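This report refers to the structure that appears directly beneath it.
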Amino acid sequence: MWKVKSSVYVGMFKGFLLDLPTPSNINYLYGFGVSLGFVYVVQLVSGIVLSLFYKIGPEGSFWEVVYIMQEVSGGWVVRFVHSAGVSVFFICLYLHLFRGLIYGSFVKTKVWLSGIVILFMVMAASFLGYVLLWGSMSYWGMTVVTSMLGAVPYVGEGLMVWLWGGESASVGTLSRFFSLHYLISLAIMVAAVYHMFELHEDGSSNPLGVSSNSDKIVFHESFSYKDVLGLMMIVVVYWGLVLVLPYGLMDSANFEEVSFMKTPLYIKPEWYFLFVYCILRSVASKLGGVVMMLMAIGGLAVLVWGGGGVYRKVGSIYWKILIGIYSVSFVVLTLMGGEVVEYPFEGIGVVFSWVYFSSLSIMSLVVASGGFVEEGCV
Numbered sequence: 463m464w465k466v467k468s469s470v471y472v473g474m475f476k477g478f479l480l481d482l483p484t485p486s487n488i489n490y491l492y493g494f495g496v497s498l499g500f501v502y503v504v505q506l507v508s509g510i511v512l513s514l515f516y517k518i519g520p521e522g523s524f525w526e527v528v529y530i531m532q533e534v535s536g537g538w539v540v541r542f543v544h545s546a547g548v549s550v551f552f553i554c555l556y557l558h559l560f561r562g563l564i565y566g567s568f569v570k571t572k573v574w575l576s577g578i579v580i581l582f583m584v585m586a587a588s589f590l591g592y593v594l595l596w597g598s599m600s601y602w603g604m605t606v607v608t609s610m611l612g613a614v615p616y617v618g619e620g621l622m623v624w625l626w627g628g629e630s631a632s633v634g635t636l637s638r639f640f641s642l643h644y645l646i647s648l649a650i651m652v653a654a655v656y657h658m659f660e661l662h663e664d665g666s667s668n669p670l671g672v673s674s675n676s677d678k679i680v681f682h683e684s685f686s687y688k689d690v691l692g693l694m695m696i697v698v699v700y701w702g703l704v705l706v707l708p709y710g711l712m713d714s715a716n717f718e719e720v721s722f723m724k725t726p727l728y729i730k731p732e733w734y735f736l737f738v739y740c741i742l743r744s745v746a747s748k749l750g751g752v753v754m755m756l757m758a759i760g761g762l763a764v765l766v767w768g769g770g771g772v773y774r775k776v777g778s779i780y781w782k783i784l785i786g787i788y789s790v791s792f793v794v795l796t797l798m799g800g801e802v803v804e805y806p807f808e809g810i811g812v813v814f815s816w817v818y819f820s821s822l823s824i825m826s827l828v829v830a831s832g833g834f835v836e837e838g839c840v
């Protein structure tokens, strides 16, 4: 009986991964999904190891993190792998998203929407994990962002008090964030499995944006080696961030313990949140800033309105121009989000916030109207 069950599981694994019918013309950009799976596993394992030593004392967890770094054997490696892994995760995640935009992956509605949900969840888990350092920047950055919830009508104040665990952010908030960080990180696994099942149900799209039902080959060995090469590059990036530039992406203010009486000179989040942070502060209204910040990611969902049943002509120069403008605005917003809120950076942030949403709106209108598409290619 055991042999029968094991053979069934092996057959399911082979059919789901190794023998998966795959378009013959996909390129290396399609390997970021596998890279994301690898980085997620690394984050999960390193996070579990860190949780065995992480403690929250009466004054917070700042010195407990120092203890892990200095006293636990190999603790600094695990901590750097986990902190660097967040940056690697977002690099792969954003490139995976842009590849989907370029090649029209939004035609697969369930896959696209589940991917957006995963992006929100990863952002939430990363934000919560950043607070666990209990450094000056992480604390005050968390206070500024979470206080924005108070602008939400009717439920904002109650939601903010529930999240803080009191009338203000304190050590109790840290305990709550640790639990939420753990839960959301595990929930990402469920969403990722659903994302993969929906993708493998119909198979991947392809760079030409046309039907590939009659031109598919087995995933292994034709494309598995490409993914292995991509994973080797991810390992090289890990090596650089962990052993060469371990503090390169960390804010200097986070090397100071939290002071409830003194704020950092300039408050800003980690680099992967800078584009939404720039959008948030570019809107005069507090509530409007929160809405626009959420729409910066959630707005991608509107692309599915006209995406089902048709494939865009990927070679269209107009579509490439739109994606190019959207990408440039993303990069500029990321750069401006790390600058001081003063002239000319504030004005540039406002302008490119409009460029960001304008390009996204035009893309959604093009897709919804059937522009640049080829009917009948499913």
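Residue numbers (our numbering): 463 to 840. Just so it is clear, CB atoms sit at the ideal spot from N, CA and C, and this is done for glycine as well. Just so you know, these numbers come straight off a predicted model, no measurement behind them.
May I ask which residues mark the beginning and end of the alpha helix (DSSP H) holding residue i?
| i | result |
| --- | --- |
| Lys-572 | 571 to 593 |
| Ile-783 | 779 to 799 |
| Phe-560 | 537 to 564 |
| Glu-619 | 618 to 626 |
| Met-610 | Element bounds for Met-610: n/a, residue is neither H nor E. |
| Leu-705 | It is not in any alpha helix (DSSP H) - Leu-705 carries neither H nor E in the DSSP assignment. |
| Val-753 | 748 to 760 |
| Leu-736 | 736 to 743 |
Quick one, are the C-beta atoms of residue i and residue j less than 8 angstroms apart?
| i | j | result |
| --- | --- | --- |
| Leu-765 | Val-829 | yes |
| Ala-758 | Ile-785 | no |
| Phe-700 | Val-548 | The residue you asked about is not Phe; residue 700 is Tyr in the sequence shown. Contact: no. |
| Phe-560 | Ser-789 | yes |
| Ala-631 | Ser-576 | no |
| Gly-591 | Val-720 | no |
| Glu-660 | Val-573 | yes |
| Leu-636 | Met-622 | no |
| Leu-736 | Gly-809 | no |
| Phe-500 | Leu-693 | yes |
| Tyr-502 | Ile-650 | yes |
| Arg-638 | Gly-620 | no |
| Val-504 | Val-614 | no |
| Ala-763 | Ile-578 | yes |
| Leu-506 | His-558 | no |
| Ser-523 | Leu-625 | no |
| Val-812 | Ser-744 | yes |
| Lys-688 | Tyr-565 | no |
| Glu-526 | Gly-519 | yes |
| Gly-540 | Ser-508 | Just to set this straight, residue 540 is Val in the shown sequence, not Gly. Going by C-beta atoms, Val-540 is nearer than 8 angstroms to Ser-508. |
| Phe-814 | Val-794 | yes |
| Asn-716 | Met-599 | yes |
Using a 10 Å radius around the Cβ and a threshold of 16 neighbouring Cβ atoms, would you call residue i buried or exposed?
| i | result |
| --- | --- |
| Pro-806 | exposed |
| Gly-690 | In the sequence as presented, Gly is not what sits at residue 690; that position holds Val. Label assigned to Val-690: exposed. |
| Ile-580 | buried |
| Leu-827 | exposed |
| Leu-822 | buried |
| Gln-532 | exposed |
| Val-655 | exposed |
| Val-704 | buried |
| Met-723 | exposed |
| Gly-634 | exposed |
| Tyr-780 | exposed |
| Tyr-492 | buried |
| Met-695 | exposed |
| Lys-782 | exposed |
| Leu-514 | exposed |
| Ile-530 | buried |
| Tyr-601 | buried |
| Gly-495 | buried |
| Tyr-412 | This structure leaves residue 412 out entirely; the chain is present only between 463 and 840. |
| Val-698 | exposed |
Helix, strand or coil for residue i, going by three-state DSSP, please let me know.
| i | result |
| --- | --- |
| Glu-719 | strand |
| Gly-493 | helix |
| Gly-522 | strand |
| Glu-710 | Before going further, note that residue 710 is Gly rather than Glu in the sequence given. Gly-710: coil per DSSP, three-state reduction. |
| Val-504 | helix |
| Gly-770 | Low local confidence applies: a pLDDT of 48 at Gly-770 is under 50, so the model's placement there is unreliable, and no value is given. |
| Phe-807 | helix |
**Message:** Can you confirm whether the segment 634 to 652 touches the segment 570 to 590 when touching is taken to mean that 3 or more C-beta pairs between the two stretches lie within less than 8 angstroms?
**Reply:** yes
**Prompt:** Any chance the segment 726 to 737 sits against the segment 545 to 561, with 3 or more Cβ pairs inside 8 angstroms?
**Reply:** yes
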